[in-house]
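Residue numbers (my numbering), protein chains in the order written: chain W, 438 to 929; chain Y, 1063 to 1394.
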């Protein structure tokens, strides 16, 4: 008998089918692992199984009852998210028992009662903290365990869902977590374990389901398969594998030289970028790729190491300097860091080059309009006019405006941080083509950060793999996909 | 739909597009109501008095709107105004300095106080509201130390016309107010700095990634606000003929209210300083009406408060409608 069962789930976002009629079911007393590349549909599935999203088609049954009709059934699914979502300035005990259903008399909260009740919980989960410690003062590892403890201590759940629970755990705490999970399995609960770390999946899991491009592509008992099988299922065989977008005009001239750079979340990274080259950076989310590039750009601090651009020493820590001297960073958080949402397309574009927009009487609206029309035409932005607020454009068109704006600054180096995040397949290819053109025709050095392995391999001349802030390898794009994948998940 | 919009008169379509049109219409309606409900409203002396009040609320409102555009605010504008007024009064009366030199120095002091506000807020990464609450305490405190609570009288009469005088039928302070508005509008609409103000208000992070020196712009705006505050302060001294620490009591709140009524969003990036000017006009008319209609003295503040809240809601209601429209655009 399945505790949680989803049949024929389809979830569509504008331009993307995130889940394509997926069947998946979870049995009590079993640890069910789910794996897939970024964008394969795991997160969407989680959100459908926890009642956050309502799928367009299909049904979700919990204990045989239709959960889409009775939303309260989703309370039976205890979900521990990947990011820590505790209250940092509240105590461990307060965080554990929020919202204090049984703590005090009629809506009062009794601190002493809470702290007393927290002691056995902390012992059971081997969390080495005191109930009155503030959460911000305990280690990330303890926070992660605390978060799991909070989700499962009520014991009225049937399914425990752990979303990449070990990303911030030390090896020792991972062992503690594994023991906890195994105990929970003994209590005949269903456990869903989502992870990128294959060795952990094989150490802990009973069965595995693999997702790719919104489809469930494989299901097996783990004892019947091995790591290469999983990687093959995960990455699949690419149909248009032949279509590649790397630059054919890489020069020998070194444009950017980074030596032993260390900063927040990355350590001792060195690499070179040549004029006209597209250099891919592969790694898991949190591997330090964005932090590295933002540090070179000057947005984040760098502690040690040196950077040279065009043979000259580069000033770190000043984005204004970087933009002026031709190093442009196109952020992953397009909505927060890229666009100026309530300004028009025209204003968004001219913002980068206002010095060139001067007319006889202050800024010239005519010059701005001309520039905007040029960008709209060159980069094929789909919009009725340049007056439209940029927030109303689709993600892909926003990205084109941002690329066009960057090109107005005559850049030497451009960093594309997850340039196709949330962008549909057709527009993705357009963005790839643009990057190739910029590298080949303008001789720009391009750095591409992407979590999609196919994207990096299609577009890059070389690939650098980062794992936990360190450079763990340099690959040719034609090298084996499994090899790169092993490097970025730390197996190599 | 686009075809249709293009075929109509360009002035009308520009008016339709502008979010100032609605608030301008509210102002016109208020003027009509005011002139119908009180026969004295359109009296030339009453109008001059309304406009003289408006000059001060308007100047400070326009200044405050610049800060709101970058998502910040300054609650010390009133105290900077009164402190600069007192400094100028002391220079003129106590030390017998040349009045024009005194005023110029007082203006520079305002610029300096604003700059100090900006530096404290950017360098120490403080919240603008909390920091300027502290600073207004400091500036107000210096006021009391300098004056011991007494007004400085005996201001040279040669500067009276700056506050009390009229140019033709127009009160002199209002001309300064219009001057400030024109300068600020030029800054906002026609210069690099102005665009950067909107960029910072839209997203401070995106502005930094674009290479904009965000903190330099912020300090500049605080300095400018300090300068305009001190201008308002010394004009008020000229109007009263004495320097008092009570000058500018209501200015922080009235300036924020004018901006919000005029469609400048507290969250930054949205609005136009000209809107703050219209907002200030609405507030001045409300205050004038309360007096003209003979509202009980004890009730005046309460009534004015309620009417201001109603006026503020106009722009937030239009914001709600705007969001609905945006949602439809996105779905469609």
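Note that beta-carbon positions come from the ideal geometry of N, C-alpha and C, so glycine has one too.
All values derive from a computational prediction rather than experimental measurement.
Cβ of residue 1253 (chain Y) within 7 angstroms of any chain W Cβ:
Yes, contact with chain W.
Grab the span of the beta strand (DSSP E) containing residue 709 (chain W) for me, first residue to last.
In the DSSP annotation of this structure, the continuous segment of the beta strand (DSSP E) that includes residue 709 (chain W) starts and ends at 703 to 711.
Please report the distance separating the alpha-carbon of residue 904 (chain W) from that of residue 596 (chain W).
When rounded, the distance between both Cα atoms is 31 angstroms.
I need the DSSP call for residue 912 (chain W), collapsed to helix, strand or coil.
For residue 912 (chain W), the three-state secondary structure derived from DSSP is strand.
Can you list the residues of chain Y that residue 776 (chain W) reaches, using a CB-CB cut of under 9 angstroms?
Close to residue 776 (chain W), with beta-carbon spacing below 9 angstroms, are these residues of chain Y in chain order: 1264, 1265, 1268.
Spatial neighbours of residue 1069 (chain Y) in its chain, beta-carbon cut-off 6 angstroms, leaving aside the 5 residues before and after:
Note that residue 1069 (chain Y) scores 43 on pLDDT, short of 50, meaning its location in the model is unreliable; the coordinates nonetheless yield the value given after this. In its chain, beyond the 5 residues on either side, no residue has a beta carbon closer than 6 angstroms to the beta carbon of residue 1069 (chain Y).
Name, going along the chain, the residues of the segment 819 to 853 of chain W whose beta-carbon falls closer than 9 angstroms to a beta-carbon of chain Y.
Cβ contacts with chain Y come from 821, 822, 824, 826, 828, 829, 842, 846.
Tell me residue 795 (chain W)'s beta-bridge partners as DSSP assigns them.
W:800, per the DSSP bridge assignment.
Relative to the alpha-carbon of residue 1195 (chain Y), which residue among Y:1295, Y:1314, Y:1158, Y:1167 has its alpha-carbon at the smallest distance?
Residue Y:1314 is the option with its Cα nearest to residue 1195 (chain Y).
Among Y:1366, Y:1365, Y:1327, the one whose alpha carbon lies nearest that of residue 1378 (chain Y)
Looking at the Cα atoms, Y:1327 is the closest of the given residues.
Residue 378 (chain W) - containing alpha helix (DSSP H), residue span:
Because residue 378 (chain W) is not part of the residues shown, which for chain W are 438 to 929, the question remains open.
Closest by CA to residue 850 (chain W), which one among W:716, W:635, W:908?
Here the closest residue by C-alpha is W:716.
Should residue 382 (chain W) and residue 721 (chain W) be called a contact, given that it needs their Cβ atoms to be closer than 7 angstroms?
Missing from the structure shown is residue 382 (chain W); chain W here goes from 438 to 929 and no further.
Contact set for residue 642 (chain W): own chain, Cβ-Cβ below 8 angstroms, skip 5 residues either direction:
Correct list, in chain order: 468, 469, 470, 630, 659.
Between residue 701 (chain W) and the rest of its own chain, which residues show a CB-CB distance below 7 angstroms, the 5 nearest in sequence each way excluded?
These residues qualify, in order along the chain: 728, 737, 738.
Are the C-beta of residue 1257 (chain Y) and some C-beta of chain W separated by less than 7 angstroms?
So, interface residue.
By how many angstroms is the C-alpha of residue 441 (chain W) removed from the C-alpha of residue 464 (chain W)?
Spanning the alpha carbons of residue 464 (chain W) and residue 441 (chain W) requires a straight line of approximately 7 angstroms.
State the start and end residues of the unbroken alpha helix (DSSP H) segment that holds residue 1209 (chain Y).
First-last of the alpha helix (DSSP H) with residue 1209 (chain Y): 1190 to 1209.
Decide yes or no for the touch test of the segment 1130 to 1146 of chain Y against the segment 1258 to 1268 of chain Y: beta carbon pairs closer than 8 angstroms, at least 3 of them.
Touching, yes, given that three or more Cβ pairs across the two stretches are closer than 8 angstroms.
Residue-chain proximity (residue 1272 (chain Y), chain W), Cβ-Cβ < 7 angstroms
It does; some Cβ of chain W falls within 7 angstroms.
Please compile the residues from chain W whose C-beta is within a distance smaller than 7 angstroms of the C-beta of residue 1261 (chain Y).
Here the neighbours are 777, 788.
Please report the residue range of the alpha helix (DSSP H) in which residue 473 (chain W) lies.
It is not in any alpha helix (DSSP H) - residue 473 (chain W) instead sits in the beta strand (DSSP E) that spans 468 to 473.
Classify residue 1376 (chain Y) as helix, strand or coil using the three-state DSSP reduction.
For residue 1376 (chain Y), the secondary structure class from DSSP, reduced to helix, strand or coil, is helix.
Are the Cβ atoms of residue 1297 (chain Y) and residue 1173 (chain Y) separated by less than 7 angstroms?
Going by C-beta atoms, residue 1297 (chain Y) is not nearer than 7 angstroms to residue 1173 (chain Y).
Closer than 7 angstroms, Cβ to Cβ, to anything on chain W: give me those residues from the segment 1107 to 1139 of chain Y, in chain order.
Here the close residues number zero.
Could you pull out every residue in the same chain whose Cβ sits closer than 7 angstroms to the Cβ of residue 684 (chain W), ignoring the five residues on either side in sequence?
Excluding its 5 nearest sequence neighbours in each direction, residue 684 (chain W) has C-beta neighbours in its own chain below 7 angstroms: 713, 714, 715, 873, 876, 877, 898, listed in chain order.
Please report how far the alpha carbon of residue 581 (chain W) lies from the alpha carbon of residue 521 (chain W), in whole angstroms.
Rounded to whole angstroms, residue 581 (chain W) and residue 521 (chain W) show a C-alpha spacing of 7 angstroms.
With respect to the alpha helix (DSSP H) encompassing residue 1141 (chain Y), which residues constitute its N-terminal and C-terminal limits?
Here the alpha helix (DSSP H) through residue 1141 (chain Y) covers 1139 to 1151.
Enclosing alpha helix (DSSP H) for residue 524 (chain W) [first to last residue]:
Residue 524 (chain W) -> no alpha helix (DSSP H), and no H or E assigned at all.
What does residue 1248 (chain Y) touch in chain W if you count any residue whose Cβ is under 7 angstroms from its own?
By Cβ distance, chain W contributes 799.
What are the uninterrupted segments assigned as beta strand (DSSP E) that are 3 or more residues long and contained completely in the segment 485 to 515 of chain W, given in chain order?
Here the runs fully enclosed are 494 to 499.
Cβ contact (3+ pairs, closer than 8 angstroms) linking the segment 521 to 536 of chain W and the segment 546 to 563 of chain W:
Yes, the segment 521 to 536 of chain W is in contact with the segment 546 to 563 of chain W.
For residue 1168 (chain Y), count the other beta carbons within 10 Å of its own beta carbon; 16 or more makes it buried, fewer makes it exposed. Which is it?
Using a 10 angstroms sphere on the CB of residue 1168 (chain Y), the tally of other CB atoms reaches 16 or more, which defines it as buried.
Please classify residue 1334 (chain Y) as buried or exposed, where buried requires at least 16 neighbouring CB atoms within 10 angstroms.
Counting C-beta atoms within 10 angstroms of its own C-beta, residue 1334 (chain Y) has 16 or more neighbours from the protein chains shown and is therefore classed as buried.
Meets three-Cβ-pair contact criterion under 8 angstroms: the segment 1243 to 1254 of chain Y and the segment 1299 to 1316 of chain Y:
Under the 8 angstroms Cβ criterion, the segment 1243 to 1254 of chain Y does not count as touching the segment 1299 to 1316 of chain Y, having fewer than three qualifying pairs.
Do you know how far the Cα of residue 657 (chain W) is from the Cα of residue 462 (chain W)?
One Cα belongs to residue 462 (chain W), the other to residue 657 (chain W), and the distance between them is close to 12 angstroms.
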